[in-house]
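Comments concern the structure below.
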Amino acid sequence: MLTSLPPISSKSRRRRARIAIGAVLAAILLAALVLVLVAQSGDPTARDVTAPAAQHPPGPPWRHGPGTARFTIVVYADLECPFCQSYVPVLRAWVDTQPDVNLQWHHLPLAAHDPMAGEAARWAECVGETFGHAHFWDAATWFYQHTRGSGQGLPPGVEYPEQDQAVRTCLESERPAAAVAAQAEQAHREGVEGTPSLRLIDQATDRAMTLTGPVQGDALLSALDLLASPLTAEEKPDAQ
C-alpha cells in the first residue's frame, strides 16, 4: 500500500525558493561575465599585456610580431610615400602569418614629402612613446588609411585621433624629431635612400641583406631561406 508524502512545510518552501533564486542569480552573473570577456577580446584598448608586443623592449625602434623571432624585417618607410601606403599594410599582414619573423619600423621621411612626412612621423613616434609598440603600428596604419599621400597630408577636417595629453607633451619636446632624424641619418649611412626598402636580419647569425621596393611574400621567403643557409668558409668565425 502506497504511503502518501507528508505535506511540505512553509519553511521548506521558503528554503527551496531561496536556493532557486540563488541559482538564477549565479547564472545571470556568469552570463554577464562571459559577455564582458567577449567584448574585451574585440576592444583594441583592452589588450592583453602579455601579447607579443609586450615581449619587445621599449621603443624606438617599434616592432610588430613575436619578440623571440629569428628573423627581423626592417622596413624603411615614409608615412607620405604612396608606395609605402599600399605596401606596408600588406607586409604587416604577411608577417602575421610567419611565426619566426617580426617587423621593425625605420623612419625615412623623404624631403619631397616634407613637411607633412616629418609631422606624421613625429606624431606616430609620440603615440608609440606614450602607448607602446602596438599603438605605434596602429597609428601608422591609420595614417596610411587617411592621408592623401605624396606630401599632401590629411584631408581638411581630418584630425589625428590620438590627442592624449601625454602625446601632446611629447610633440612639444625634441624627442620625436631627434628619433626620426637619427633613424633617417642611419638609413643614409647604410646607403638606403628610397622607400619602401627592407633590411632582412637573421638574429641567429647576424647575417643581413638589403632589398629595395615592395618585395612580396614568396621573394621574402626565398631571401630568408638564403640568410638561413649554412655559413660559407669566409663567414665562419674561425675563417682566416
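Mapping of the sequence shown onto full-length UniProt numbering: position 77 corresponds to residue 77, and the numbering continues sequentially without gaps.
Where is the CB? At the ideal position from N, CA and C, for every residue including glycine.
Taking the straight line between their C-alpha atoms, what separation do you get for Y87 and G153?
Sequence index remark: in the sequence shown, residue 87 carries index 87 (1-based). Sequence index remark: in the sequence shown, residue 153 carries index 153 (1-based). Those two C-alpha atoms are separated by around 18 angstroms.
Leaving out five residues on either side along the sequence, give the residues of the same chain with a beta carbon under 7 angstroms from the beta carbon of S150.
Position 150 of the sequence shown, counting from 1, holds the residue named residue 150. E80, P82 and H113, listed in sequence order.
Can you round the beta-carbon distance between V101 and F143 to whole angstroms, since I take them to be within the 8 angstroms contact cut?
As a first step, residue 101 is located in the sequence shown; it is residue number 101 there, counting from the start. As a first step, residue 143 is located in the sequence shown; it is residue number 143 there, counting from the start. About 23 angstroms separates the two Cβ atoms, so there is no contact after all.
Report back the beta-carbon spacing between L103 and H64 to the nearest angstrom; my notes put them in contact at under 8 angstroms.
Within the sequence shown, the letter at position 103 stands for residue 103. Within the sequence shown, the letter at position 64 stands for residue 64. The Cβ separation is near 4 angstroms, so the contact holds.
Name the two residues that bound the continuous alpha helix (DSSP H) containing W94.
As a position in the sequence shown, residue 94 is number 94, starting the count at 1. Looking at the DSSP string, the run of the alpha helix (DSSP H) that includes W94 is P82 to V95.
Please report the straight-line C-alpha distance between R148 and V158, rounded to a whole angstrom.
Walking along the sequence shown from the start, residue 148 turns up at place 148. Walking along the sequence shown from the start, residue 158 turns up at place 158. Their Cα atoms are separated by approximately 11 angstroms.
By how many angstroms is the C-alpha of L220 removed from the C-alpha of G213?
On the sequence shown, residue 213 is found 213 positions in, with the first residue counted as 1. On the sequence shown, residue 220 is found 220 positions in, with the first residue counted as 1. Distance between the alpha carbons of G213 and L220 is about 12 angstroms.
Check A177 in the structure and name its three-state DSSP category.
The count along the sequence shown starts at 1 and reaches residue 177 at position 177. Of the three classes helix, strand and coil, the one that applies to A177 here is helix, per DSSP.
How close, in whole Å, do the beta carbons of L198 and C126 come, if the pair is a contact with beta carbons under 8 angstroms?
For the purposes of this step, residue 198 is identified with residue 198 of the sequence shown, where counting begins at 1. For the purposes of this step, residue 126 is identified with residue 126 of the sequence shown, where counting begins at 1. Incorrect: roughly 25 angstroms between the Cβ atoms, too far for contact.
Do P109 and D78 have their CB atoms nearer than 8 angstroms?
Along the sequence shown, one-based indexing puts residue 109 at 109. Along the sequence shown, one-based indexing puts residue 78 at 78. Closer than 8 angstroms, so yes.
Candidates R189, V95 and M116: which alpha carbon is nearest P155's?
Locating residue 155 in the sequence shown gives position 155, where the first residue counts as 1. Of the candidates R189, V95 and M116, the one whose C-alpha sits nearest the C-alpha of P155 is M116.
Over what stretch of residues does the alpha helix (DSSP H) that includes S197 continue unbroken?
As a working note, residue 197 is residue 197 in the sequence shown. It is not in any alpha helix (DSSP H) - S197 instead sits in the beta strand (DSSP E) that spans S197 to D202.
Could you check the C-alpha separation between P60 and P230 for me, to the nearest Å?
On the sequence shown, residue 60 is found 60 positions in, with the first residue counted as 1. On the sequence shown, residue 230 is found 230 positions in, with the first residue counted as 1. Their Cα atoms are separated by approximately 32 angstroms.
Could you give the distance in angstroms between the alpha-carbon of T68 and the alpha-carbon of V95?
What you label residue 68 is simply residue 68 of the sequence shown in a count that begins at 1. What you label residue 95 is simply residue 95 of the sequence shown in a count that begins at 1. Cα-Cα distance, rounded: 14 angstroms.
Buried or exposed for Q216, please, with buried defined as at least 16 other CB atoms from any protein chain shown within 10 angstroms of its CB.
The residue you call residue 216 lines up with position 216 of the sequence shown. With fewer than 16 Cβ atoms within 10 Å of its Cβ, Q216 is classed as exposed.
Confirm, please, whether the CB-CB distance from V180 to A121 is below 8 angstroms.
Residue 121 sits at position 121 when you count from the first residue of the sequence shown. Residue 180 sits at position 180 when you count from the first residue of the sequence shown. In this structure, V180 lies closer than 8 angstroms to A121 by Cβ.
Give the range of the beta strand (DSSP E) segment to which A228 is assigned.
Reading the sequence shown from its first residue, position 228 is the one you call residue 228. Careful: A228 lies outside any beta strand (DSSP E), inside the alpha helix (DSSP H) at G217 to A228.
Would you call L90 buried or exposed, if buried means 16 or more other Cβ atoms sit within 10 Å of its Cβ?
Stepping through the sequence shown from its first residue, residue 90 is reached at position 90. Residue identity check: residue 90 is Val in the sequence provided, not Leu. Result: exposed.
Whose CA, out of Y76, T97 and P57, lies closest to the CA of E190?
As a first step, residue 190 must be located in the sequence shown, where it is residue number 190. Of the listed residues, the one whose Cα sits closest to E190 is Y76.
Starting from the C-beta of P176, find all residues in its chain whose C-beta is less than 7 angstroms away, skip the five residues before and the five after it, and write them out in chain order.
The residue you call residue 176 lines up with position 176 of the sequence shown. Same-chain partners within the cutoff: R122, E125, C126 and C170.
Should Q40 be labelled buried (16 or more other beta-carbon atoms within 10 Å of its own) or exposed?
One-based indexing of the sequence shown puts residue 40 at position 40. Because Q40 sits at a pLDDT of 40, beneath the cut-off of 50, its placement in the model cannot be relied upon, and the following sentence gives the value as read from the coordinates. Classification of Q40: exposed, given that the 10 Å Cβ count is below 16.
Does the beta-carbon of P99 have 16 or more other beta-carbons within 10 angstroms, so that it is buried, or is it exposed?
As a working mapping, residue 99 is identified with position 99 in the sequence shown. Its Cβ having fewer than 16 others within 10 Å, P99 is exposed.
With DSSP run on the structure shown, which of helix, strand or coil describes T212?
Mapped onto the sequence shown, residue 212 falls at position 212. If DSSP states are grouped into helix, strand and coil, T212 belongs with the strands.
From the DSSP output, which residues share a beta bridge with Q104?
One-based indexing of the sequence shown puts residue 104 at position 104. Paired residues: R63 and V74.
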